[in-house]
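There are 2 protein chains.
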Amino acid sequence: MAVNSDRPRRRILLKDVAQRANVSGSTASRALADDQRISIGTREAVKLAAAELHYVPNAAARSLRVRRTRTLGLLLPDLRDPVHGQVASAFEQEARQQGYGVMVVAGERDLARERLALRIFAEHGTDGVAIVSSVLSPKELRERVDPDRLVLVWPDHRSLPRRNGAPVPGVIQTDDASGVRAAVDHLLDTGCRRIAYVESGVRASNSIRAATVAATLRDRGIREPMRTFVASLDAWRAPGDLAAEIAADLPEALVCYDDQLALWLMDALRNLGVRVPDDVGIVGFDGIPFAGISNPRLTTVAVPSSEMGRVAASTLIHAVHDGALPDGVVLPVEIVVRESTRSLPASSGQG
Amino acid sequence: MAVNSDRPRRRILLKDVAQRANVSGSTASRALADDQRISIGTREAVKLAAAELHYVPNAAARSLRVRRTRTLGLLLPDLRDPVHGQVASAFEQEARQQGYGVMVVAGERDLARERLALRIFAEHGTDGVAIVSSVLSPKELRERVDPDRLVLVWPDHRSLPRRNGAPVPGVIQTDDASGVRAAVDHLLDTGCRRIAYVESGVRASNSIRAATVAATLRDRGIREPMRTFVASLDAWRAPGDLAAEIAADLPEALVCYDDQLALWLMDALRNLGVRVPDDVGIVGFDGIPFAGISNPRLTTVAVPSSEMGRVAASTLIHAVHDGALPDGVVLPVEIVVRESTRSLPASSGQG
DNA sequence: CCGTTCTGCGCAATCGGTTGCAATCGGAGG
DNA sequence: CCTCCGATTGCAACCGATTGCGCAGAACGG
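Heads up: the sequence lines are chains Z and V, in that order.
The first sequence: position 233 = 233 (our numbering), numbered continuously.
The second sequence: position 42 = 1042 (our numbering), numbered continuously.
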């Protein structure tokens, strides 16, 4: 028994497998791909040899020849926030199940970083790219990556061509408008009238959510104007100012851009002695897990984050296989009423 | 002007760049790599040509020849939980800055999935692999991936060779013991005696944390035995049973495996009418952002998650460049006292 | 017994860069 | 004027798989 087991043994090549199975490299290749032209016996012999040698194909070589990498690119703003984590998780899982690897980069809402990400994807030749709410314009995106291999996961944004209603190929959206409408309706039903919207500074302030709050109020014939607050860029920063500003002239309810902001605001308001929901009702958006165990538990519009990731991956993979991008979808959202908003009045004699 | 701008234009190759710069492919290649043997003039001409043509090198071809992919693999249990999200985020950022792409897969604490992940990494020829608290044994890990290209991010676990104290090459750990000790000390200082530990079912129950709680109690001369509870596998599941079990014979304080569990327990206990910290103190572990805005805000042992990810990436990259794995580190943790534990007694005349 | 058709397999080109080695050129040295 | 040398650049092999095409041998029909 010679030195053998601990020398940095050379990587096993297809050639080695072929040799062990007494066939040529081409036959080995075809056998492993289950090519019907290879006799069943040979196929099994090759597979056996491959298994015995722990053969691992070299993706670079394969990709070079086949012009496919079985790799997907995922660009999102931030891996730390619960929603994107959820999306990334589902995306990766779906991709993995379909035999794809995923290369992820967090763009941090920065133009240069996002462009770099796209370049990285291009170099590595990802078969497709999914982008979650980029700061790059959809136009630039489509310029930089093959539009037929591009999926946009685009919650709440106006700059998308033909939004809502008709599904746009390759675009995954959520029905934010319905969600916000339901939230505002709920607030109105519990007797709130003076409702304000709190925008997150990380967002363009022309969000559909803000607009929908205003629209719903108008439709329901509320005359008090909707006030709008906007939180500083980083939701984890000291919220003092904003909370104080709000507390100075407290609305009856606050609709927040998302749960993170809502939770953060609840904390800041508590600091100021403002009680939720007694003094002010709060509703969030996203339905992150922590919203369910905050104190008080947060009323929110739950978004199917996992579903978004899953659908994004599977749409992309279809696009890769079929060459054409499947229609996008607008995923439904759901309001979940918890403790941060007042409960419905026990059927007081209205009218 | 012929059809030209909207036909699916062929991808630009190095050859094209070379042609435009009137040099050979080899020269172009060297020029782009800033090879000093190429005259400065030629180098710039080539770079200019490359820029004008928007040349993007083909990573597959390069990797095939160079046997490097400038890609790192990251295997972690779950992209959804805040701690791992943080680690992944920092890891990706550091890698990107050093010119590496990262391929991530969530192993979901499943043997088969983790093995698959390692295979994916092997096929894609990642230059290095970082693994965050795997369910695979370190031994198996080192068998399946080149140990010189492997970094283990291993919070709280016993199965690691030579843990604590002396840094193990390629192993990033946190000083859990100190953290837990500080937490228990704090609890004792606030007058708690009957202290229980709550283990998370997702963990092997032989965690260092559990052991340290017991040890600290013993060292401080506490005679009441430490009780241990263990939470069901998925921390987001209905906590009813566990909370009820705990409430039935309430300890004075609860040390929880992590913040998620702590937060979740606080919610469940609140449901039962148990007040924190008046009826029971609670301390978590990790220092996730939400721990800072829960109600009551959670006392916790903060772990430098970002630092872990960053260090993991940079260690790995060093290993790739130098061929040898740098020493690992044991990162410090820090207790942050908030509202979920009683405050220190105002210097009562002890002893 | 010979020509045809399959069946099963192997040869060699190919994917797009990188790199060892040789070639070329101008100028210095003899 | 010839040789030598260093500075530049080009030729061609190579990385490891996939695949079009052709070939051998078996099976089959007449």
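Using N, Cα and C, we set each Cβ at its ideal position, and we do this for glycine too.
Of all the beta strand (DSSP E) runs that stay within the bounds of the stretch 1093-1120 of chain V, which reach a length of 3 or more residues?
Taking only runs of at least 3 residues, the beta strand (DSSP E) segments lying wholly in the stretch 1093-1120 of chain V are 1101-1106.
Closer than 7 Å, CB to CB, is Z:Leu305 near chain V or not?
One point to set straight first is that residue 305 of chain Z is Ser, not Leu, in the sequence displayed. For Z:Ser305, the answer is no, since every Cβ of chain V falls outside 7 Å of its Cβ.
Taking only beta-carbon positions, decide if V:Asp1219 is within less than 7 Å of chain Z.
no
Measuring only between beta-carbons, confirm whether Z:Arg7 sits less than 7 Å from chain V.
Residue placement at Z:Arg7 is flagged as unreliable, the pLDDT there being 49, under the threshold of 50; the coordinate-derived value follows with that caveat. No, Z:Arg7 lies away from the interface with chain V (no Cβ there is under 7 Å from its Cβ).
If we define contact as Cβ-Cβ less than 7 Å, is V:Met1103 a contact residue for chain Z?
At least one chain Z Cβ lies under 7 Å of V:Met1103.
Would you list the residues sitting across from Z:Gln173 in a DSSP beta bridge?
Z:Val330
Ends of the beta strand (DSSP E) at Z:Leu76?
71-76
Starting from the beta carbon of Z:Ser63, find every residue of chain V whose beta carbon is closer than 7 Å, and list them in chain order.
Ala1060
For V:Val1056, which residues in chain Z fall below 8 Å Cβ to Cβ?
Within chain Z, the residues near V:Val1056 are Arg119, Ala122, Glu123.
So within the stretch 25-66 of chain Z, which uninterrupted beta strand (DSSP E) runs reach at least 3 residues, ignoring any that extend past its ends?
Listed in chain order, nothing qualifies, since the stretch 25-66 of chain Z has no complete beta strand (DSSP E) run of 3 or more residues.
Return the chain-ordered list of same chain residues with a C-beta closer than 6 Å to the C-beta of V:Ala1090, the five sequence neighbours on each side being excluded.
Ser1306, Gly1309, Arg1310
If contact is defined by three or more beta carbon pairs under 8 Å, each pair taking one atom from either stretch, is the stretch 1039-1057 of chain V in contact with the stretch 242-257 of chain Z?
In short, these stretches do not touch, since the Cβ pair count stays below three.
Check whether the Cβ of V:Ser1295 lies closer than 7 Å to any Cβ atom in chain Z.
According to the sequence shown, residue 1295 of chain V is Asn rather than Ser. With 7 Å as the cut-off, V:Asn1295 counts as an interface residue toward chain Z.
Taking just the CA atoms, how far does Z:Glu199 sit from Z:Met356?
Chain Z is shown only over 1 to 351; residue 356 of chain Z falls outside these bounds and no answer can be derived.
In whole angstroms, give me the CA-to-CA distance for V:Ala1313 and V:Ala1095.
6 Å
Along chain V, which residues have their Cβ under 8 Å away from the Cβ of Z:Glu143?
Ordered by position in chain V, no residue passes the 8 Å Cβ test against Z:Glu143, which lies about 10 Å from the chain.
Using the three-state DSSP reduction, which class does V:Ser1306 fall into: helix, strand or coil?
helix
Is Z:Leu250 closer than 7 Å to Z:Ala231 when the C-beta atoms are compared?
A distance of 7 Å or more separates the beta carbons of Z:Ala231 and Z:Leu250.
Report the CB separation of Z:Pro77 from Z:Val132 in whole angstroms; it is logged as a contact under 8 Å.
7 Å
Check this for me: beta carbons of Z:Thr216 and Z:Tyr197, under 7 Å apart or not?
no
Kindly give me the distance between the Cβ atoms of V:Ala1061 and Z:Leu64, rounded to whole angstroms, as I take these residues to be in contact under 8 Å.
That belief holds up - the Cβ atoms of V:Ala1061 and Z:Leu64 are roughly 5 Å apart, short of 8 Å.
Give me, in chain order, the residues of the same chain whose beta-carbon lies closer than 6 Å to that of V:Leu1269; leave out the 5 immediate sequence neighbours on both sides.
Ala1243
Output yes if chain Z places a C-beta closer than 7 Å to the C-beta of V:Glu1092; else output no.
Yes, V:Glu1092 lies at the interface with chain Z (some Cβ there is under 7 Å from its Cβ).
Note down, in chain order, each residue of its chain lying with its Cβ closer than 8 Å to the Cβ of V:Glu1143, except the 5 sequence neighbours on either side.
none
Ignore the nearest five residues each way along the sequence and tell me which others in V:Ala1024's own chain have a CB closer than 7 Å to its CB.
For the record, residue 1024 of chain V in the displayed sequence is Ser; it is not Ala. Excluding positions up to five away in sequence, the list reads Ala1018.
Does DSSP put V:Arg1020 in a helix, a strand or coil?
helix
So that I know if they touch, is there some Cβ in chain V lying closer than 7 Å to that of Z:Ala88?
yes
Given 8 Å as the limit, is there contact between the stretch 1176-1194 of chain V and the stretch 1324-1336 of chain V, that is, 3 or more CB pairs closer than that?
yes
Exposed or buried, which one is Z:Gly273 when buried takes at least 16 other CB atoms within 10 Å?
Its Cβ having fewer than 16 others within 10 Å, Z:Gly273 is exposed.
Just tell me which of V:Ala1117, V:Ser1029, V:Gly1073, V:Val1083 has its CA closest to the CA of Z:Gly391.
Absent from the model: residue 391 of chain Z. The displayed extent of chain Z is 1 to 351, so no value can be given.
What residues in its chain sit with their C-beta under 6 Å from that of V:Ser1343, if we drop five residues either side in the sequence?
none
Is any heavy atom in the ligand HEM found nearer than 6 Å to the beta carbon of Z:Asp286?
This structure lacks the ligand HEM, and indeed carries no ligand of any kind.
Please classify Z:Gly125: does DSSP put it in a helix, a strand, or coil?
Shown here, Z:Gly125 sits in coil according to DSSP, grouped into three states, outside any helix or strand.
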